[in-house]
Amino acid sequence: MIEEGTPKRNQVPSAKAKVSASSGKPLEVLTVSSDTEEDPVALQKIAEEEVEGIAGKATAQQPMTSPRTSTERVILETGEDPSAKEIQSERINVGNVLLAEEVELRKSLKKTCESLRADIDVTRCATVDLQYRLEASRVAFNEESRRLDELTADLERKDQAHATEMAAKVKALAKCEAARTSDL
Numbered sequence: 059m060i061e062e063g064t065p066k067r068n069q070v071p072s073a074k075a076k077v078s079a080s081s082g083k084p085l086e087v088l089t090v091s092s093d094t095e096e097d098p099v100a101l102q103k104i105a106e107e108e109v110e111g112i113a114g115k116a117t118a119q120q121p122m123t124s125p126r127t128s129t130e131r132v133i134l135e136t137g138e139d140p141s142a143k144e145i146q147s148e149r150i151n152v153g154n155v156l157l158a159e160e161v162e163l164r165k166s167l168k169k170t171c172e173s174l175r176a177d178i179d180v181t182r183c184a185t186v187d188l189q190y191r192l193e194a195s196r197v198a199f200n201e202e203s204r205r206l207d208e209l210t211a212d213l214e215r216k217d218q219a220h221a222t223e224m225a226a227k228v229k230a231l232a233k234c235e236a237a238r239t240s241d242l
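Here it is, written out as structure tokens:
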């Protein structure tokens, strides 16, 4: 396919031809007339126009980040609209990925809950055991405390009886001493 440019003021005639390279991508080839090759100013103008045109096309076709993004994947748009089937397929794939993630998350949460339930049961049993041990310790402490009070009271009685006995012996000893000194 050959496109010929329309000559404008201060422009030289040129022609563009589109050809396909072996890679399958279309290439543009610029051909100029033989009299333009001798005029460097005209050749410069043609080159500048072509560079501006190519730069405009290149900036217009720059990939952009798509507003439609999926989990951990960025879709770059190249200006082509995907077909409805592709969009539906992507939605299904994203849905499947999210569903699989949700299923895995639920399994993980279920295992965690079961583990926590088992921990709660163990903790309850330990708490009941500690309550029984605390009650047994209280009973033992109260018994020991009562026994200690009894022993203390008994010791006080014995001390008092011993003190009374000692006072009687001291009195008897004093009498004995007084009698012995009077005999001498």
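The opening position of the sequence shown corresponds to residue 59 in the working numbering, with each subsequent residue numbered one higher. Built from N, CA and C at the ideal position, the CB exists for glycine as well. Quick caveat, the model's predicted, so the values are computed rather than measured.
Buried or exposed by the 16-neighbour rule on C-beta atoms within 10 Å, applied to I104: Along the sequence shown, one-based indexing puts residue 104 at 46. Residue environment: I104 is assigned as buried (16 or more neighbouring CB atoms within 10 Å of its CB, all protein chains considered).
Through-space distance from R191 to K168, alpha-carbon basis: Position 110 of the sequence shown holds residue 168. Position 133 of the sequence shown holds residue 191. If you draw a straight line from the Cα of K168 to the Cα of R191, it comes to about 34 Å.
beta-carbon V152 near the ligand MG non-hydrogen atom, thresh 7 Å: Summarising the ligand content, the structure contains no ligands, and the ligand MG is consequently not present.
For T170 and R196, the rounded distance between their alpha carbons: As a first step, residue 196 is located in the sequence shown; it is residue number 138 there, counting from the start. As a first step, residue 170 is located in the sequence shown; it is residue number 112 there, counting from the start. Rounded to the nearest angstrom, the two C-alpha atoms are 38 Å apart.
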